Amino acid sequence: MASSDREYIITFDPGKCTQCHGCEIACKAWRELPHGIQLRRVLNLWHGEYPRTTSSSVALACLHCVDPACAAACPEEAIAKHAENGLVTVDGDLCTGCELCTQACPFGIPRIGADGTMVKCDLCRPADGGDSLPPCVDTCPGRALVLCEIPRQEKQAHQQKLLALLKSGM
Amino acid sequence: MNYDQAMNRAAAHGEQVVPTVCGMCGPGGPGGGCGIYAFVKDGRFVRVAGMDESPVNRGAVCAKGHAAPQWVYSPDRITHPLRRIGGKGEGRFEKIDWDTALAHIAMTLARQKEQYGPESLALLSPAYRSYSDYLKRFLTVHGSPNYGHSGICAMQRAFAYKYTLGDYPRPDYDLSDLIIYWGRQPIYSGPVARPARAFLAARQRGAEIIAIKPSVEPDVGMADVWVPVRPGTDTALALAMIHVVIREDLIDHAFVEQWCYGFKRLKAHIRDYPPAWGEKVSGVPAQQIEALARKYAATPRAAIDLGNGVEHTPSSNDAIRAVAILMAITGHLDRLGANLFVPPPQAAPRDIALKERYTPEMREKLVGPEFPIEFQPFSEGLSSAYYRILESVLTEKPYPIRGIIAPGTQPLVTTRGSKNVAAALRKLDFYVVADVARTADMPYADIVIPLATSYEVDHPFQMVPGWLMATNRVIDPVGSSKSIFDFFLDLGVAMGYGDDFWQGSMEQALDDQLAPLGLSMADLREKPHGVACAPGKPVYEKFAEAFSRTSPRLEKDPFLPQGKVALYNTTFEAAGFNPLPEWREPPESITGTPELLPEYPLILSDYHTSKNFSASWQRNIPHLREIQPDPMLHIHPEAARSRGIGDRDWVEVKSPHGWLKVRTELYPGIRPDTVMLLHGWWQGCRELDMEDYPLLDGGANVNIMYSVDRNKAYDPIITAMTSQTLVQVKKWEAS
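Here you go:
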């Protein structure tokens with residue numbers, strides 16, 4: 004169990020991602036997601052000018068931020084941050100699908116699902132009772148995705164690192 | 027996950043789990059053969075997990091592998107044998123039963139054999155798979171040499187390498203300090219298999235990575251250096267690199283002295299190819315060519331991984347042998363961290379292709395030899411070039427093929443010259459399509475055979491380097507489909523060839539193949555995650571052995587008559603080809619046909635692999651199509667801007683041979699003088715209401731864009747077909 008200063012996260016290491024999209028489709032298949040809904044997306048980022056062009060990859064899903072902007076923006080208080088494990092969850096009964104969370108999220112993660120409420124990665128914890136690895140983590144050939152429990156400070160640093168990577172690319 | 031986790035998970039969720047082999051890039055293929063746990067709920071195949079115990083994928087599965095259930099249950103599945111009732115190309119069929127279908131095919135093939143000879147039957151080869159030998163066996167028993175090999179992958183490298191070095195030099199990924207990926211896609215060709223893992227591991231241990239290709243794919247994005255070469259000009263780059271290492275005396279004198287033949291003649295010949303010339307043709311700056319040559323020559327543990335990208339141009343054979351020569355003269359053969367001669371496994375399944383029945387008479391009857399007659403058979407047996415088989419139907423030279431079976435292959439989108447292919451299929455006497463799902467050329471078929479996927483059958487076994495595994499049945503066959511193996515066994519029996527086809531018993535066929543390994547199929551099936559075989563300890567510098575190998579030609583001549591690396595190739599010379607590698611322009615190119623540039627200023631080429639589709643199939647799978655819904659033309663932002671074209675605009679791409687309507691992706695990582703797109707686009711996706719694209723002009727099938735001129739579009743010795751041309755790109759204006 005998570006102790007009070009530690010939170011769950013799936014960390015991402017761009018140096019180990021080959022942009023195979025295995026995580027994205029594992030998530031779609033295991034969570035039976037409809038067309039148009041991706042809880043994890045793989046992005047290509049461009050850097051530099053020809054002929055010194057280079058690129059990097061990001062496999063992006065909800066990071067369950069230490070200080071979630073989505074929760075702060077939600078007018079219905081439908082998004083909750085759980086102190087015991089760091090998970091950020093959405094209550095479908097309260098969510099009205101206003102998309103203020105999508106605008107607030109620095110990563111642009113939240114999407115509106117088929118039922119008109121917000122959907123995002125839940126780390127597969129409730130779905131699987133926590134007894135096996137999330138399919139995206141399990142399927143990654145380079146082990147670029149890792150489910151772990153880390154101190155809040157470390158998690159915040161990881162959030163910043165990913166944000167900087169996203170902003171550095173085109 | 028591992029076996030116990032898979033079992034526990036299935037039990038906890040009221041599901042069943044079947045350990046088997048993934049079928050999404052073709053089990054037994056070079057990148058494929060990943061181990062999976064397939065989950066079944068209420069009789070339905072629902073999802074997969076990677077098998078930790080498989081040494082191939084070690085628990086990982088790629089996007090295609092995870093999308094398998096959508097392929098299996100696609101509305102595009104062919105569920106019954108069909109017989110044509112409309113005109114050819116119309117696509118009107120009636121359902122028939124298996125016995126009627128087999129009898130119809132057997133009767134027609136017997137009649138054609140009687141009337142035109144057995145060579146009038148050709149088989150269009152799918153990519154190399156575990157079933158390939160069954161297909162060859164059928165043709166050989168029938169008496170035809172016309173196995174239609176694609177002429178676009180793998181055998182071209184094997185041929186040039188073996189006739190230059192005696193063996194295929196495998197990069198020593200694990201111990202190299204420098205790996206040059208040349209025309210190679212280490213990730214998309216099996217994203218969770220060994221080459222992709224080796225790429226990542228090399229990067230993580232700090233090996234330097236250089237990528238040579240026209241555009242930046244994710245592997246290039248992770249490389250240390252990108253060498254942006256023009257499509258189809260790798261030969262020029264390699265010749266200029268040889269020039270540099272010889273001019274600057276960066277060669278391994280001892281190795282050249284003892285193990286190379288014809289160095290003096292190479293030295294004189296290579297003077298014509300300085301880096302400045304290399305720059306003019308390949309577009310790679312002369313300084314970068316020099317730096318690359320010096321770096322490679324000066325790094326003892328340096329390996330080159332040469333890919334399929336060099337096999338699509340009229341100078342393909344010379345590109346490959348120039349690279350082989352570069353390895354040899356710089357001392358990078360069969361040494362630690364360089365390119366290795368990996369011995370074949372000590373025990374292998376029985377080869378059932380019946381190559382021992384080949385005769386000189388059969389060889390003479392090849393309708394369009396993939397390699398010249400005197401070099402036949404090569405490693406995969408006697409072969410005609412895939413496109414030339416279809417061409418013979420139109421030209422009737424040297425004689426027309428009368429019957430074609432196309433199992434798991436789509437000539438209208440696989441090979442070039444689609445307009446001629448369509449005409450040939452219209453004219454062809456008898457055409458059989460055997461496939462899992464609707465194909466581009468199914469409307470031309472006389473008989474359509476519904477094939478089961480590997481998830482629906484309990485055969486074959488898959489042997490990939492390091493792993494032997496039984497295919498296990500996950501679900502019952504969809505509709506009345508049967509496996510490709512069953513089809514050829516049953517057809518063999520129906521033709522009266524039962525003695526050569528185990529009287530139709532698949533079990534006996536597999537046991538016969540496995541016998542040399544001391545196993546039966548039942549024994550193998552008892553091992554839930556197969557048999558892993560650790561690689562042997564490497565032995566280096568096996569030069570005497572490697573350079574004295576015999577070729578598979580009927581005469582069994584050695585690959586290397588001098589027992590040395592053929593810098594100067596007397597075998598090619600005797601057959602009327604240049605003994606030294608030379609440059610040959612593609613049919614249309616910046617340096618070869620400058621007169622075309624005002625009208626067609628950009629180079630067009632295509633990709634053969636992608637992260638989410640295998641070749642020309644899988645566009646009908648919703649999960650995969652979501653990643654890449656439209657055919658995208660990679661174009662540099664500057665090239666687009668100067669034409670008033672934005673991102674995701676629909677554009678017309680026109681070459682001297684045809685035109686496409688595709689969408690742009692502004693792509694900073696591509697040469698500004700080059701545009702590229704993925705090959706194989708035609709199929710719609712019914713679940714997403716996406717329609718098929720036209721197969722010829724106005725569609726997205728890149729094969730129509732290239733020359734198929736007999737004198738310009740092929741490599742003269744290995745029939746590699748060109749996939750370069752010149753084009754103009756214009757914003758699409760709906761009229």
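Chains R and B, in that order, give the protein sequences.
Under the numbering used here, the first residue of the first sequence carries the number 4, and numbering increases by one thereafter.
Under the numbering used here, the first residue of the second sequence carries the number 27, and numbering increases by one thereafter.
Every residue gets a Cβ at the ideal spot worked out from N, C-alpha and C, and that includes glycine.
Owing to the predicted nature of the structure, the values given are computational and were not obtained by experimental measurement.
First through last residue of the beta strand (DSSP E) which encompasses residue i
i, result
"P154 of chain R", "L148 to P154"
"E691 of chain B", "G684 to L692"
"E678 of chain B", "W676 to S681"
"M468 of chain B", "Premise fails: M468 of chain B is in no beta strand (DSSP E) and is neither H nor E."
"Y11 of chain R", "R9 to F15"
"M495 of chain B", "W493 to A496"
Chain R within 7 Å of residue i, Cβ atoms only
i, result
"E87 of chain B", "In the sequence under discussion, the amino acid at residue 87 of chain B is Val, which differs from the Glu named in the question. At least one chain R Cβ lies under 7 Å of V87 of chain B."
"H92 of chain B", "yes"
"G247 of chain B", "yes"
"K637 of chain B", "yes"
"L586 of chain B", "no"
"P240 of chain B", "no"
"R669 of chain B", "no"
"H649 of chain B", "yes"
"E234 of chain B", "no"
"A471 of chain B", "no"
"A222 of chain B", "yes"
"I653 of chain B", "yes"
"P217 of chain B", "yes"
Within-7 Å CB hit, residue i to chain B
i, result
"A29 of chain R", "yes"
"G172 of chain R", "no"
"T14 of chain R", "no"
"C139 of chain R", "no"
"P144 of chain R", "yes"
"A117 of chain R", "no"
"A32 of chain R", "yes"
"H161 of chain R", "no"
"L165 of chain R", "no"
Inter-residue Cα distance where the pair is residue i and residue j
i, j, result
"A136 of chain B", "M521 of chain B", "7 Å"
"I661 of chain B", "G695 of chain B", "9 Å"
"G309 of chain B", "T259 of chain B", "9 Å"
"L359 of chain B", "I111 of chain B", "59 Å"
"N28 of chain B", "A36 of chain B", "12 Å"
"M4 of chain R", "E152 of chain R", "A caution first: M4 of chain R carries a pLDDT of 44, below 50, which makes its placement in the model too unreliable to give a value."
"F514 of chain B", "D537 of chain B", "17 Å"
"G115 of chain B", "Q644 of chain B", "22 Å"
"G39 of chain R", "E243 of chain B", "25 Å"
"A411 of chain B", "R610 of chain B", "20 Å"
"E387 of chain B", "I399 of chain B", "11 Å"
"L292 of chain B", "N595 of chain B", "10 Å"
"K158 of chain R", "D141 of chain R", "21 Å"
"A760 of chain B", "R674 of chain B", "15 Å"
"S215 of chain B", "V74 of chain B", "20 Å"
"K121 of chain B", "E41 of chain B", "34 Å"
"I475 of chain B", "L451 of chain B", "17 Å"
"R736 of chain B", "I268 of chain B", "30 Å"
Any non-hydrogen atom of the ligand FAD closer than 6 Å to residue i Cβ
i, result
"A450 of chain B", "With respect to the ligand FAD, the structure offers nothing, as it holds no ligand at all."
Extent of the continuous alpha helix (DSSP H) run through residue i
i, result
"S631 of chain B", "Looking at the DSSP string, S631 of chain B is not in any alpha helix (DSSP H); the run it does join, the beta strand (DSSP E), is L628 to Y633."
"M489 of chain B", "M489 of chain B -> not in any alpha helix (DSSP H); beta strand (DSSP E) instead, spanning F487 to V490."
"N343 of chain B", "S342 to I355"
Test: residue i CB closer than 7 Å to a CB of chain C
i, result
"C23 of chain R", "Among the protein chains of the structure shown, namely R and B, there is no chain C."
Q: Name, going along the chain, the residues of the region 45–69 of chain R whose beta-carbon falls closer than 9 Å to a beta-carbon of chain B.
A: V45, N47, L48, W49, H50, G51, E52, Y53, P54, R55, T56, T57, S58, S59 and S60
**Q.** Sequence ranges, alpha helix (DSSP H) only - wholly within the region 256–327 of chain B, length at least 4
**A.** 260–273, 279–285, 289–296, 301–308 and 312–324
(Q) At a CB distance below 9 Å, what residues from the region 608–627 of chain B approach chain R? Give them in sequence order. (A) none
Q: Please list the segments of the alpha helix (DSSP H) lying wholly inside the region 64–145 of chain B, counting only runs of 4 or more residues, in order along the chain.
A: 89–92, 94–98 and 124–142
(Q) Closer than 7 Å between beta carbons: that is the criterion. Which residues of the region 686–699 of chain B meet it against chain R? (A) P694, G695 and P698
Q. Looking at chain R, which residues of the region 56–81 of chain B have a Cβ within less than 7 Å of any of its Cβ atoms?
A. R73, A75 and G76
Q: Check distances from the C-beta atoms of the region 92–111 of chain B to those of chain R and list, in chain order, the residues that come in under 8 Å.
A: H92, A93 and P95
Q | Proximal residues, the region 725–754 of chain B versus chain R, C-beta separation under 9 Å | A | none
Q. For the region 162–216 of chain B, which segments carrying the beta strand (DSSP E) assignment without a break, of at least 3 residues, lie completely within its bounds, in sequence order?
A. 173–175, 195–197 and 204–208
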